[in-house]
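Peer 1:
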Amino acid sequence: MPTIAIVGAGSGLGQSIAKTFGGNGFSVALVSRTQSKLDALAAELGQAGVDAAGFAADVMDRASLVDAFARIKQRFGTVDVLEYSPAPHTPVPGITMAGPLDVTVENIQPQLDYYLYGGITAAQQVLPDMLERGSGTLLFTTGGASVNPAQASPEFANIAIAGAALRSWVLKLHQVTEGTGVYAAHVPLSVWIGAGGPETQPGTIARHYWDLYAKREGAEHHYTAF
């Protein structure tokens, strides 16, 4: 049975992606900071017949992320799909927003830890196995401001910079993995999830991720509801 690891799993989009892939025969490894919340999400998936388990880790603590993936491998074996989409819904210690006039090395470093370094660290845990067997999918999610900074308010400047850094790395990763059987893509989301019509709902957006996995075409797929 193939396995998807969802980093940044929550009750919204992450859980919908888990249900979509789980409903198509995947085991699901859920990764976020709080084990109790992960256990609740895994129990909900289990009730739907999905083999799921949670592995607590903080993407800003790279050692904990490495440990989580070691535990995932013990539980499920190698990972077939990595979906990386951390999105803080509650204040994260050390992370602040800053406008372009207020960006400093000090307030942009945590954003880079959160988006870029966390994404690279997660990929490092699964990519060697994927390359060795010649198959695998890596999907990295950011906000639409990573592609078009003007989409976001100015106070999101340091977030947009970090998202753009992750995007650049993923696009280069796509270049070097093309033809290896490993597919890497960037998914910028320009949508307030759950705040509008059907196109904003997590279940609808999750099907976009399944389509990317199934079709494996292109380095970037912008999802917009605006």
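Numbering (the numbering used here), first residue to last: 268 to 493.
Backbone N, C-alpha and C fix where the C-beta goes; we use that ideal spot for every residue, glycine too.
Does DSSP classify G403 as helix, strand or coil?
Peer 2: Position 136 of the sequence shown holds residue 403. Here G403 sits in strand by DSSP.
Peer 1: Three-state secondary structure (DSSP) at H489?
Peer 2: Taking the first residue of the sequence shown as 1, we reach residue 489 at position 222. In this structure, H489 counts as coil in the three-state DSSP scheme.
Peer 1: Could you say which of Q392, M327, E350, G316 lies nearest to I284 if we only look at CA atoms?
Peer 2: Along the sequence shown, read from residue 1 onward, the residue named residue 284 stands at position 17. Among Q392, M327, E350, G316, the Cα nearest to that of I284 is on E350.
Peer 1: Hey, how far is the Cα of T363 from the Cα of N374?
Peer 2: Position 96 of the sequence shown holds residue 363. Position 107 of the sequence shown holds residue 374. If you take the alpha carbons of T363 and N374, they lie about 7 Å apart.
Peer 1: Check I428 in the structure and name its three-state DSSP category.
Peer 2: What you label residue 428 is simply residue 161 of the sequence shown in a count that begins at 1. Helix.
Peer 1: Contact check, P353 vs V326 under 8 Å by CB: the rounded distance?
Peer 2: For the purposes of this step, residue 353 is identified with residue 86 of the sequence shown, where counting begins at 1. For the purposes of this step, residue 326 is identified with residue 59 of the sequence shown, where counting begins at 1. Rounded, the Cβ-Cβ distance is 5 Å, consistent with contact.
Peer 1: Say whether the stretch 299-307 touches the stretch 482-492, bearing in mind that this needs 3 or more beta-carbon pairs closer than 8 Å, one atom from each stretch.
Peer 2: Flag = no, the stretch 299-307 and the stretch 482-492 do not touch.
Peer 1: May I ask which residues mark the beginning and end of the alpha helix (DSSP H) holding I339?
Peer 2: Against the sequence shown, residue 339 aligns to sequence position 72. 329-343 is the extent of the alpha helix (DSSP H) around I339.
Peer 1: Near F343, what residues of its chain come up, given a Cβ to Cβ distance below 7 Å and the 5 sequence neighbours on each side ignored?
Peer 2: By one-based count along the sequence shown, residue 343 stands at place 76. Same-chain partners within the cutoff: T270, S294, A296.
Peer 1: According to DSSP, is S420 part of a helix, a strand, or is it coil?
Peer 2: Mapped onto the sequence shown, residue 420 falls at position 153. In this structure, S420 counts as coil in the three-state DSSP scheme.
Peer 1: Considering only DSSP beta bridges, list what L456 is partnered with.
Peer 2: Here residue 456 refers to the residue found at position 189 when the sequence shown is read from its first residue. The partner list for L456 (beta bridge, DSSP) reads G410, Y490.
Peer 1: Please list, in chain order, all residues of the same chain as V414 whose beta carbon is under 6 Å from its beta carbon, the five residues on each side excluded.
Peer 2: Residue numbering aside, residue 414 sits at position 147 when the sequence shown is read from its first letter. Excluding residues within five positions, the ones whose Cβ falls inside 6 Å are P455.
Peer 1: Go through its chain and collect everything with a Cβ distance to W436's Cβ below 8 Å, but skip five positions before and after it.
Peer 2: For the purposes of this step, residue 436 is taken as residue 169 along the sequence shown, with counting starting at 1. Excluding sequence neighbours, W436 sits near L383, G386, I387.
Peer 1: To the nearest whole angstrom, what separates the beta carbons of G321 and A330, a pair I think is in contact under 8 Å?
Peer 2: As a first step, residue 321 is located in the sequence shown; it is residue number 54 there, counting from the start. As a first step, residue 330 is located in the sequence shown; it is residue number 63 there, counting from the start. About 18 Å separates the two Cβ atoms, so there is no contact after all.
Peer 1: When DSSP labels each residue in this structure, what does I271 get in the three-state scheme?
Peer 2: The residue labelled residue 271 in the question sits at position 4 within the sequence shown. If DSSP states are grouped into helix, strand and coil, I271 belongs with the strands.
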